[in-house]
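K.L.:
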Amino acid sequence: MRSKNDPNSLISKGQSLASLIQKYYIQYGKSFYRLTLNSKAGFENRDWPGVRKDAIKRLNMYETFLDKIESEIYKLFGQQAKNISIWKNAKKYYRQAISDWYDLELAETFFNSVTRKILMTTGINRKVEFFQLRSRKFKKLDSKIIYRTYNIIESTKDSLPEILSDFEFKSPFEDIKRDSEFIANEIDLYLWPFMGGEINKVIEMINVPFYRNKVAYLVGRILAKGHVIPLVLPLYNSSNGIFVDAVLFRKRQLSIIFGFAHTCFHVPTERHKELIEFLLTILPVNRIDELYFMIGYRKHGKTEFYRDLHHFIHVSKEKFEIAKGLEGSVMIAYTLPNYNYIFKVIKDYSCYLRSENISNKTLSREHVMHCYQCVCNRDRVGRMVDTQEFENLKFRKKRFSSKLLREFKLAARNTVVINEEYVLIKHLYLQRKVTPLPLYLEMEHNPEAIREVIIDYGYFLRDLAAIGIFPADLFNMWNCGVTSRRRVVLFDYDDVESLLNIDFKVKPAPRDYYEELMPDKDRIAAHKNDFFIDEIEIFLGIPKALQGVFNQIHGDLYNVKFWHKMQRKVKRGDIADIIPYNKARRFKRRFDFSHFDISHR
Ligand SMILES: Nc1ncnc2c1ncn2[C@@H]1O[C@H](COP(=O)(O)OP(=O)(O)O)[C@@H](O)[C@H]1O
Ligand SMILES: [Mg+2]
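Spelled out as structure tokens, the structure:
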């Protein structure tokens, strides 16, 4: 038998594999932090294209590191790269090395990602992967390290300049005194019902902003008479300096800003656990996976999700079944009835199984994946549901409804393998469950809620246009859903087109008597990307009885001028300000804010 010191022994190889993964994990962590830290300068210098570039780079960084480490492992270990004994040893050494690391759970996830990439593991191989049934409890946290405390005794207004200045932005505030007053007035008003005239309270602010696009959100909480009230201040940096745009207290508002239809924040801290612990006290979120997603630890979010899913399946005994709504021709969408997520598997070919309809789509699997990838790597502006990809998942067959198994067998043989006992899913997308828009309109009984959603549908179209997106299947309302906060979002990305590729036109009028008699399709030679704005009303999909409510606010969407203006902006590279909170909450500054032309509500 070879000794431990023999470099060719399986033990030594395991050891060097462990150190290699450790080395890459550390490098990855540093690069992630460095990029996150950049957001501050990006905000201060108003370098919006730079901010966008960094965000995309950070989203892709994990995969880039995995690719690098994969090729190095093959270089070092050759054929033995897949030797399970080496991996078992590597796990042992890696576990020892990281046992007292602060970010132990992230380091374990990284190790798992590497093993899964090299070994192409199906299900979970507990011999080589770290697996826990429950999330680790955060132990020995130094909670105060993440926030600053301000005891407010005399006047709210007088404390605010200090709170704002403590963030040490390199660019000046436009008018810190004015904004302090704005904020203080709102806080005092909001607290009036709890506090009456009493001022004494404590404000605790997370000591780093949450950066996303052009906004730096200052996030904290107010402790007043036993109440914990969230406090969020969105800051913008205009050419006149930094200004506070609003004060937000309500969980409903926060759940949109922190919601799953937005890209993750850049929060420049290395104390993610204290951060998560703090966020749990103020956000209406209790899922730890969503908090990891929110701050950019997407892979670890997936680990936490998977753990939760297993737990749910085990406890609930529910079966996977076909999702409510209209069958798609590209995906088989399924869910667990009481679980807040949808799973989607790409069909082998575009088809319908539940109706006689014939699909005329010829999208390849690569094309569909490319579309989903593009959406994930861009700013989703609160309008496109986050999507996670999973590979090689294995569940017991008895956990699937027979209808769903039938669909897998008929239309997803390339992706789903079914044997006596198990269903192996080679690739799936995971999304938060929303209510498909037509179903929502059918089921909702509150007219005000319906009004809100119909109007929001128009803002949804505007927001997408502002970031250069035109769902070619737009106006197919079955691709849109309504969140629990009544926000309209998109979840089907295989028809997403660049706005710039669309030729918005008005139908030419008939030139003579003969043309007047001809049907449009014979008279007008339409090209693939022509979009006749006159037809928008037909395509829009809003039931006739509700169109009036929509048209009152969004009549300009029927005009070709609106779409051409949007195209010009997108072409210029303008980065739109899309305000994810109630417009009425925005402070009326001395300056006009015509530059916020997409703002609403
Ligand atoms: N995130 C989701 N929440 C709720 N239902 C969904 C979601 N994603 C898909 N569905 C349901 O599954 C159907 C098919 O999914 P979709 O993504 O539209 O696929 P396709 O590209 O095949 O049209 C939708 O029409 C809808 O009913
Ligand atoms: Mg669809």
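The opening position of the sequence shown corresponds to residue -2 in this note's numbering, with each subsequent residue numbered one higher.
Yeah, the Cβ is synthetic: ideal placement off N, Cα and C, and Gly gets one too.
The structure presented is a predicted model; accordingly, all values stated were derived computationally and were not measured.
Sort out for me which residues DSSP pairs GLY217 with in a bridge.
P.N.:
Paired residues: MET202, LEU228.
K.L.:
Give me the Cα-Cα distance between ASN416 and PHE397, rounded to the nearest whole angstrom.
P.N.:
Rounded to the nearest angstrom, the two C-alpha atoms are 13 Å apart.
K.L.:
Thinking just about the alpha-carbon of each residue, which of ILE196, PHE166, LYS154 is nearest to the one in ASP176?
P.N.:
Ranking ILE196, PHE166, LYS154 by Cα distance to ASP176 puts LYS154 first.
K.L.:
Any heavy atom of ligand 1 inside 8 Å of the beta-carbon of LEU350?
P.N.:
LEU350: no, Cβ never under 8 Å from ligand 1.
K.L.:
Which full runs of the alpha helix (DSSP H) of 4+ residues lie inside the stretch 485 to 552, going along the chain?
P.N.:
Segments of the alpha helix (DSSP H) lying fully in the stretch 485 to 552: 510 to 514, 517 to 520, 533 to 536, 541 to 551.
K.L.:
Which ranges does the beta strand (DSSP E) cover as unbroken runs of at least 3 residues, wholly within the stretch 127 to 178, from first to last along the chain?
P.N.:
Segments of the beta strand (DSSP E) lying fully in the stretch 127 to 178: 144 to 149.
K.L.:
Assuming GLN19 and TYR91 are in contact, meaning their beta carbons sit under 8 Å apart, how far apart are those beta carbons, in whole angstroms?
P.N.:
Their Cβ separation, rounded to whole angstroms, is 6 Å, which keeps GLN19 and TYR91 in contact under 8 Å.
K.L.:
Under the criterion of a Cβ to heavy atom distance below 8 Å, does PRO433 qualify as lining ligand 1?
P.N.:
Checking every heavy atom of ligand 1 against the Cβ of PRO433, one is found closer than 8 Å.
K.L.:
What residue from ILE447, ARG295, ILE23 has the CA that sits closest to ARG55's CA?
P.N.:
The candidate whose alpha carbon is nearest that of ARG55 is ARG295.
K.L.:
Quick check on GLY552: buried or exposed, where buried means 16 or more other Cβ atoms within 10 Å of its Cβ?
P.N.:
So GLY552 counts as exposed.
K.L.:
Just mark MET(-2) as buried or exposed, buried being the case when its beta carbon has 16 or more other beta carbons within 10 Å.
P.N.:
Note that MET(-2) scores 47 on pLDDT, short of 50, meaning its location in the model is unreliable and no value can be drawn from it.
K.L.:
Grab the span of the alpha helix (DSSP H) containing MET563 for me, first residue to last.
P.N.:
Note, MET563: alpha helix (DSSP H), 557 to 569.
K.L.:
Could you tell me the alpha carbon to alpha carbon distance between ILE279 and ILE452, rounded to whole angstroms?
P.N.:
Those two C-alpha atoms are separated by around 29 Å.
K.L.:
Buried or exposed: which applies to ARG508, given that a residue is buried once 16 or more other Cβ atoms fall within 10 Å of its Cβ?
P.N.:
Counting Cβ neighbours within 10 Å, ARG508 comes out exposed, since fewer than 16 surround it.
K.L.:
Go ahead and pull the three-state DSSP assignment for THR106.
P.N.:
The answer is helix: DSSP assigns THR106 an H, G or I state.
K.L.:
Taking the alpha-carbon of PHE107 as reference, which of GLU69, LYS136, TYR21, PHE191 has the nearest alpha-carbon?
P.N.:
Among GLU69, LYS136, TYR21, PHE191, the Cα nearest to that of PHE107 belongs to TYR21.
K.L.:
According to DSSP, simplified to helix, strand and coil, what is ARG396?
P.N.:
Residue state, collapsed to three classes: helix.
K.L.:
Anyone know if the C-beta pair for ILE226 and LEU232 falls short of 9 Å?
P.N.:
Going by C-beta atoms, ILE226 is not nearer than 9 Å to LEU232.
K.L.:
Report all residues from its chain with a CB closer than 8 Å to the CB of ARG582; omit the five preceding and five following residues, and keep chain order.
P.N.:
Contacts found: ALA243, VAL244, LEU245, GLN250.
K.L.:
Specify whether the stretch 105 to 121 and the stretch 146 to 153 touch according to this definition: at least 3 beta carbon pairs, one from each stretch, less than 8 Å apart.
P.N.:
Contact between the stretch 105 to 121 and the stretch 146 to 153 is absent, because fewer than three Cβ pairs lie under 8 Å.
K.L.:
For TYR456, write down the residues that DSSP places opposite it in a beta bridge.
P.N.:
BP columns for TYR456 are empty, so no partner.
K.L.:
Assuming HIS263 and TYR208 form a contact by the criterion Cβ under 8 Å, report the distance between their Cβ atoms to the nearest whole angstrom.
P.N.:
Right, the Cβ-Cβ distance comes to about 4 Å (below 8 Å), so this counts as a contact.
K.L.:
Can you tell me whether MET635 is buried or exposed? The criterion is at least 16 other CB atoms within 10 Å of its CB, across all chains shown.
P.N.:
Summary: the structure shown does not reach residue 635, with the chain confined to residues -2 through 598, and so no result is reported for it.
K.L.:
Cutting at 8 Å between CB atoms, please list the residues of its own chain near HIS597, excluding the five before and the five after it.
P.N.:
A caution first: HIS597 carries a pLDDT of 43, below 50, which makes its placement in the model unreliable, though a value can still be read off. Answer for HIS597: TYR456, ARG459, ILE576, LYS580, listed in chain order.
K.L.:
Assign ALA605 to one of two classes, buried (16 or more other C-beta atoms within 10 Å of its C-beta) or exposed (fewer than that).
P.N.:
Given a span of -2 to 598 for the chain in the structure shown, any question on residue 605 remains unanswerable.
K.L.:
According to DSSP, is SER96 helix, strand or coil?
P.N.:
Three-state result, SER96: coil.
K.L.:
Apply the 10 Å Cβ neighbour rule to GLN549 and answer buried if 16 or more other Cβ atoms are within range, or exposed otherwise.
P.N.:
That one is exposed.
K.L.:
Could you say if the stretch 366 to 382 and the stretch 475 to 487 meet the contact criterion of at least three C-beta pairs nearer than 8 Å?
P.N.:
Cβ pair count under 8 Å is three or more, so yes.
K.L.:
Mind checking which residues open and close the alpha helix (DSSP H) that includes ALA15?
P.N.:
Residues 7 to 41.
K.L.:
Tell whether a beta-carbon distance below 9 Å holds between LYS211 and ARG43.
P.N.:
Yes, the pair counts as a contact, with Cβ atoms nearer than the cut-off.
K.L.:
How would the residue list near ligand 2 read, in chain order, if you kept each one whose beta-carbon is closer than 6 Å to any heavy atom?
P.N.:
The set, ordered by position in the chain, is GLY325, TRP475, ASN476, ASP489.
K.L.:
Assuming GLY11 contacts ASN122 (C-beta within less than 8 Å), just tell me the rounded distance between them.
P.N.:
Actually they do not touch by this definition, with Cβ atoms about 15 Å apart.
K.L.:
Would you say the beta carbon of LYS341 is closer than 8 Å to some non-hydrogen atom of ligand 1?
P.N.:
Correct: LYS341 has its Cβ closer than 8 Å to ligand 1.
K.L.:
When every heavy atom of ligand 3 is checked, does at least one fall within less than 8 Å of the C-beta of ASP44?
P.N.:
Of the ligands this structure carries, namely ligand 1 and ligand 2, none is ligand 3.
K.L.:
Quick check: the stretch 299 to 314 against the stretch 362 to 376, are at least 3 beta-carbon pairs closer than 8 Å?
P.N.:
Judged by Cβ distances under 8 Å, the stretch 362 to 376 makes no contact with the stretch 299 to 314, as fewer than three pairs qualify.
K.L.:
Is it true that the stretch 284 to 291 meets the stretch 307 to 316, where meeting means three or more beta-carbon pairs spaced less than 8 Å apart?
P.N.:
Counting Cβ pairs under 8 Å, fewer than three are found: no touch.
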